[in-house]
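Peer 1:
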Amino acid sequence: MSLRISQHKFSGETVAYEDYDSTKTMLGQLIQQRTGVLPEDNFAGPMPIGLGRPMEASTAIASAYPHVITWDDTYDYVFLAENSTAAATRRIVMYTFNKLSSEFSWNGFITLTFPTATSHTIRGFRVVRELYTAGTASVSGTAVTGSGTAWQASSLAVGSRIGFGSADPTEITTWYEIASIGSDTGITLTTNAGTIGSGPYVIEDLEVIVSTTNATVANGGLFLAKGLRYETFAIAGTVIPAATTVDNIRAVYWLADAGVVTNTIACGVALGSRDSWTQQYVYVIDGTTTTNRVYKYNIRAALSLASGKSTSAFDLVTGAQTPTGTCSQANNGRVGTLNHGPGNGIESLYFVTTTRVYRAALTNITSGNTTWHSDAMAEMPPGGTTTYALTSALNSVEIAGTIDRLIVMSSGTAGARSYVTEYNTIGDPFNHIFLADDKQQDQSSTDAGAVSHPAILASIMSVWSENGIAYICRNGTTAALNQLYALPLSAHWTYASGTPNQRLITPSIPTPNAVIFDRVYVNSIRYIGSGTFGMQPEPFRLFYRQNGIDDNTGTWTELDDTGDLTGISPASEIQFMFEFKILGTNCIPNQIFSVAVAYEDDSTDSHYQPSVGKSNLATSTFAWRFSTAFGGTVPALRVRLFDAVSGGLLVDDDTVTPSGTFEKSTDDGDTWGAYNTTDKTNDITYIRYTPASLGSDIKVRALLTQNV
Numbered sequence: 026m027s028l029r030i031s032q033h034k035f036s037g038e039t040v041a042y043e044d045y046d047s048t049k050t051m052l053g054q055l056i057q058q059r060t061g062v063l064p065e066d067n068f069a070g071p072m073p074i075g076l077g078r079p080m081e082a083s084t085a086i087a088s089a090y091p092h093v094i095t096w097d098d099t100y101d102y103v104f105l106a107e108n109s110t111a112a113a114t115r116r117i118v119m120y121t122f123n124k125l126s127s128e129f130s131w132n133g134f135i136t137l138t139f140p141t142a143t144s145h146t147i148r149g150f151r152v153v154r155e156l157y158t159a160g161t162a163s164v165s166g167t168a169v170t171g172s173g174t175a176w177q178a179s180s181l182a183v184g185s186r187i188g189f190g191s192a193d194p195t196e197i198t199t200w201y202e203i204a205s206i207g208s209d210t211g212i213t214l215t216t217n218a219g220t221i222g223s224g225p226y227v228i229e230d231l232e233v234i235v236s237t238t239n240a241t242v243a244n245g246g247l248f249l250a251k252g253l254r255y256e257t258f259a260i261a262g263t264v265i266p267a268a269t270t271v272d273n274i275r276a277v278y279w280l281a282d283a284g285v286v287t288n289t290i291a292c293g294v295a296l297g298s299r300d301s302w303t304q305q306y307v308y309v310i311d312g313t314t315t316t317n318r319v320y321k322y323n324i325r326a327a328l329s330l331a332s333g334k335s336t337s338a339f340d341l342v343t344g345a346q347t348p349t350g351t352c353s354q355a356n357n358g359r360v361g362t363l364n365h366g367p368g369n370g371i372e373s374l375y376f377v378t379t380t381r382v383y384r385a386a387l388t389n390i391t392s393g394n395t396t397w398h399s400d401a402m403a404e405m406p407p408g409g410t411t412t413y414a415l416t417s418a419l420n421s422v423e424i425a426g427t428i429d430r431l432i433v434m435s436s437g438t439a440g441a442r443s444y445v446t447e448y449n450t451i452g453d454p455f456n457h458i459f460l461a462d463d464k465q466q467d468q469s470s471t472d473a474g475a476v477s478h479p480a481i482l483a484s485i486m487s488v489w490s491e492n493g494i495a496y497i498c499r500n501g502t503t504a505a506l507n508q509l510y511a512l513p514l515s516a517h518w519t520y521a522s523g524t525p526n527q528r529l530i531t532p533s534i535p536t537p538n539a540v541i542f543d544r545v546y547v548n549s550i551r552y553i554g555s556g557t558f559g560m561q562p563e564p565f566r567l568f569y570r571q572n573g574i575d576d577n578t579g580t581w582t583e584l585d586d587t588g589d590l591t592g593i594s595p596a597s598e599i600q601f602m603f604e605f606k607i608l609g610t611n612c613i614p615n616q617i618f619s620v621a622v623a624y625e626d627d628s629t630d631s632h633y634q635p636s637v638g639k640s641n642l643a644t645s646t647f648a649w650r651f652s653t654a655f656g657g658t659v660p661a662l663r664v665r666l667f668d669a670v671s672g673g674l675l676v677d678d679d680t681v682t683p684s685g686t687f688e689k690s691t692d693d694g695d696t697w698g699a700y701n702t703t704d705k706t707n708d709i710t711y712i713r714y715t716p717a718s719l720g721s722d723i724k725v726r727a728l729l730t731q732n733v
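In my numbering, the protein residues as written are 26 to 733.
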């Protein structure tokens, strides 16, 4: 047998995993194959980490609390709230993130002007984007006429944008700003759109919600900016004025709970699902130390206004309940539904104190209720407190829907790490701990050899999860401490087999005439970056299968770090699959360049070379030099003698139950003794075989292989 190598380089055709094709490389949702000029630019693996620098944009704005909206398969829109010293106005930043290149692009910002011109600190931040597509619309100049529409009754806002020809916003090529909404069927545009026949259309309803505390205590609370569009987020900024007496225009509205606001110690704001165009609730946790309560508002209620302030949206406030630990004010609170644990299938409000993750079923959030907490999960690091000490520094919680887990961020105090975990109330350890405080700063002036990654830097970090990507912001207020990262969190190997799939799968790799598999070799990046600053990426796991390749039904078997394939059955093809670790110390995804499988085919075994000089035509003896050691006991060998003309098999014998004679020489053939399985000890070791009988006048081809 000869040792053969069959290799796959990650440079060919690819398909998404759900379009499985065994002739191509299959990519899970966050798995990519990239190409570039340098050899190391050509690899496959999880989406590399993206990096944005809010304090180094054309307008430096210290930013925090990312909220992300998916535009399409390529782009996400990322919004952040200003995190600098309290002021009478607050800015909201927008980036576009390209998921195929891991690049953030700065769009610009808006400036919120509050009806109360005193110093605000943003405690909670959410962005709402809804699409209105009911009925049809036609256009003549600036006049839009609807059929089957309810534009005014749906509280759509002036300043929003509308597109024609499709109900899918990604198919709109020209957008128009809405100047006024005169009725349920009448809209006026700011620019002439020409003549457009009746057909589908889409209105994007974009709003920003912030909860604030204020230097003048009763001037804080909940605020809603209506009538926004993506183009409003301009490089030079756009000022959004304070509302006065008119609802549903581009303005900032004060959603008060009373004439004198009592929602003054906001901890965050959690956004519920839209029930209708006139009802969508948000929940503001209020109070930090002794007790807390929840204020509930309907952000789609029609507003009766005086000086930009309205109590029309206020729905209720719970009674005060005492938690364990201190409730943080760092965008604390997330509404969602987990599919496990005590909140399985129950829409709930999740929030944290320094030592607990709390859950409150939304059905518990009722007026005056002092027992609205449903249950709580105490901090318990993976491996228990003898493995990692308690941080007692939990700071915010996010729901990673694609993996049905919570992301629990710490305050970063003294390098406190963060968690990803199921929600449980029985004291089980959290599932994963991640991030580390290695003190690397990711400014633009950082050495080019350094690789960007979300180091803690003893800073608060906030997070939003969107379609498997964790957008993590370090909430600092300087260029050294304020960065935005995009991390392919849901590609972590624990969840790779789920939906959506997050695996990298090779095409079928041919292994023609294979009789023995040896091992698999993976060419992956050893470290990313250069010189002093290079860092090792997180590891990967490797699996193989030989059956069910064409239809993706075969079972995968994990390989150890040696890649040893000896002992598996011979087959004419093999396939490999990779799973990647993401949740680790630096969270830097690995990169795979190629994978190769070594195997023995049905030609002469690679450990031996045919020897004409030691063979003997007269006695029909065939000899081979022992050229390469096995590294251990020699396996059973097999000799087959074929008619070289017809190809017919003449003799089939082996060293286990021989019918002919096997012999061995360790002195260059001077003396021959009985065959044994001792490994090669020198370069003048030979073996030979003489069949028990063989006809004459036959041209013979001798084949020595391992007996498998």
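Even for Gly, the Cβ is constructed at its ideal location relative to N, Cα and C.
(1) Across which residues does DSSP place Ser721 in a beta bridge pair?
(2) In three-state DSSP terms, what is Tyr21?
(3) Kindly list the residues whose CB is nearer than 6 Å to the CB of Gly245, restricted to its own chain and excluding five residues on each side of it in sequence; keep chain order.
(4) If you compare alpha carbons, which of Tyr320, Cys352, Gln527, Thr702 is closest to Thr391?
(5) Count the C-beta pairs between the segment 295-311 and the segment 254-270 that are closer than 8 Å, then say yes if the count reaches three, no if not.
(6) Comparing C-alpha positions only, which one of Gly222, Thr141, Gly160, Ile135 sits nearest to Gly166?
(7) How about Ala621 and Ile74: do their beta carbons lie closer than 8 Å?
(8) Put Glu404 into one of helix, strand or coil per three-state DSSP.
(9) Could you give the distance in angstroms between the alpha-carbon of Thr471 and the alpha-carbon of Leu76?
(10) Confirm, please, whether the CB-CB distance from Val540 to Thr730 is below 8 Å.
(11) Among Arg713, Asn357, Gln346, Leu330, whose alpha-carbon lies nearest the alpha-carbon of Val235?
(12) Looking at the structure shown, is Leu482 part of a helix, part of a strand, or coil, going by DSSP?
(13) With a threshold of 8 Å, are at least 3 pairs of Cβ atoms found where one atom belongs to the segment 181-194 and the other to the segment 320-336?
(14) Per DSSP, what kind of secondary structure is Glu38 in: helix, strand or coil?
(15) Pop quiz: Thr50 and Phe68 are said to be a contact at Cβ under 8 Å. What is the actual Cβ separation, rounded to whole angstroms?
(16) Pick from Ser484, Asp586, Asn611, Leu280: whose alpha carbon is nearest that of Phe603?
(17) Would you kindly work out how many angstroms separate the C-alpha atoms of Ala263 and Phe339, rounded to a whole number?
(18) What is the DSSP secondary structure of Trp176, counted as helix, strand or coil?
(19) Please work out which residues of its chain come closer than 6 Å, Cβ to Cβ, to Thr416, disregarding the five sequence neighbours upstream and downstream, and give them in chain order.
(20) Measure the alpha-carbon distance for Trp176 versus Glu229 and round it to whole angstroms.
(21) In three-state DSSP terms, what is Leu514?
(22) Phe565: beta carbon under 7 Å from a heavy atom of the ligand FAD?
(23) Looking at the structure shown, is Val242 part of a helix, part of a strand, or coil, going by DSSP?
(24) From Thr644 to Thr715, what distance separates their C-alpha atoms?
(25) Expressed to the nearest angstrom, what Euclidean distance is found between the alpha-carbon atoms of Thr410 and Gly452?
(26) Which residues in the same chain have their Cβ closer than 8 Å to the Cβ of Asp704, if we skip the five residues on either side of it in sequence?
(27) Which one of Thr388, Gly393, Ser443, Ala345 has the shortest CA to CA distance from Val382?
(28) Express the C-alpha separation of Gly171 and Ser163 in angstroms, rounding to a whole number.
(29) Would you kindly check if the distance between the Cβ of Pro513 and the Cβ of Leu55 is under 8 Å?
(30) Helix, strand or coil: which one does DSSP assign to Asp677?
(31) For Tyr714, which beta-bridge partners are listed by DSSP?
(32) Kindly indicate which three-state DSSP category Asp668 falls into: helix, strand or coil?
(33) Look at the alpha carbon of Asn572 and the alpha carbon of Thr536, and state the distance between them as a whole number of angstroms.
(34) Tell me whether the segment 420-430 and the segment 396-407 touch, counting them as touching only if at least three CB pairs, one residue from each stretch, are closer than 8 Å.
(35) For Leu63, which of Val93, Phe618, Ile709 has the nearest alpha-carbon?
(36) Please list the segments of the beta strand (DSSP E) lying wholly inside the segment 134-217, counting only runs of 3 or more residues, in order along the chain.
Peer 2: Short version:
(1) Bridge partners of Ser721: none, in fact.
(2) The structure shown has nothing for residue 21, since the chain only spans 26 to 733.
(3) Closer than 6 Å at the Cβ level, and outside the excluded window around Gly245, lie Thr237, Thr238, Asn239, Thr289.
(4) Its Cα nearest to that of Thr391, the residue Tyr320 stands out among Tyr320, Cys352, Gln527, Thr702.
(5) Judged by Cβ distances under 8 Å, the segment 295-311 makes no contact with the segment 254-270, as fewer than three pairs qualify.
(6) It is Gly222 whose Cα lies nearest to the Cα of Gly166.
(7) By the CB criterion at 8 Å, Ala621 and Ile74 fall outside the cutoff.
(8) Looking at Glu404 - three-state DSSP - the assignment turns out to be coil, as it is neither helix nor strand.
(9) One alpha carbon belongs to Thr471, the other to Leu76, and they sit about 13 Å apart.
(10) For Thr730 and Val540, yes; Cβs fall inside 8 Å.
(11) Checking every option, the nearest Cα to that of Val235 belongs to Asn357.
(12) It is coil, neither helix nor strand.
(13) At 8 Å Cβ cutoff, the stretches do not touch.
(14) Note: Glu38 maps to coil in three-state DSSP.
(15) About 11 Å separates the two Cβ atoms, so there is no contact after all.
(16) If you compare the alpha carbons of Ser484, Asp586, Asn611, Leu280 with that of Phe603, the shortest gap goes to Asp586.
(17) It is worth fixing the name first, because residue 263 is Thr in this sequence and not Ala. For Thr263 and Phe339, the distance between alpha carbons rounds to 28 Å.
(18) Note: Trp176 maps to coil in three-state DSSP.
(19) Excluding residues up to 5 positions away in sequence, Ser435, Ala441 lie with their Cβ nearer than 6 Å to the Cβ of Thr416 in the same chain.
(20) Approximately 12 Å between the Cα atoms of the pair.
(21) Secondary structure at Leu514: helix, using DSSP grouped into helix, strand and coil.
(22) Summarising the ligand content, the structure contains no ligands, and the ligand FAD is consequently not present.
(23) Val242 falls in the helix class under three-state DSSP.
(24) Distance between the alpha carbons of Thr644 and Thr715: 7 Å.
(25) For the pair Thr410 and Gly452, the Cα-to-Cα distance works out to about 12 Å.
(26) For Asp704, the CB contacts under 8 Å within the same chain, skipping 5 residues up- and downstream, are Ala654, Phe655, Gly656, Gly657, Thr658, Val659 in chain order.
(27) The shortest Cα separation from Val382 among Thr388, Gly393, Ser443, Ala345 belongs to Ser443.
(28) Taking the straight line joining both Cα atoms gives about 7 Å.
(29) Their beta carbons are under 8 Å apart, which means Leu55 touches Pro513 by this criterion.
(30) Strand at Asp677.
(31) Note: Tyr714 sits in a beta bridge opposite Phe647, Phe687.
(32) In this structure, Asp668 counts as strand in the three-state DSSP scheme.
(33) The alpha-carbon atoms of Asn572 and Thr536 are separated by roughly 13 Å.
(34) Cβ pair count under 8 Å is below three, so no.
(35) Nearest of Val93, Phe618, Ile709 to Leu63, Cα basis: Phe618.
(36) Complete beta strand (DSSP E) runs here, min 3: 145-157, 161-165, 168-172, 186-189, 200-206, 211-214.
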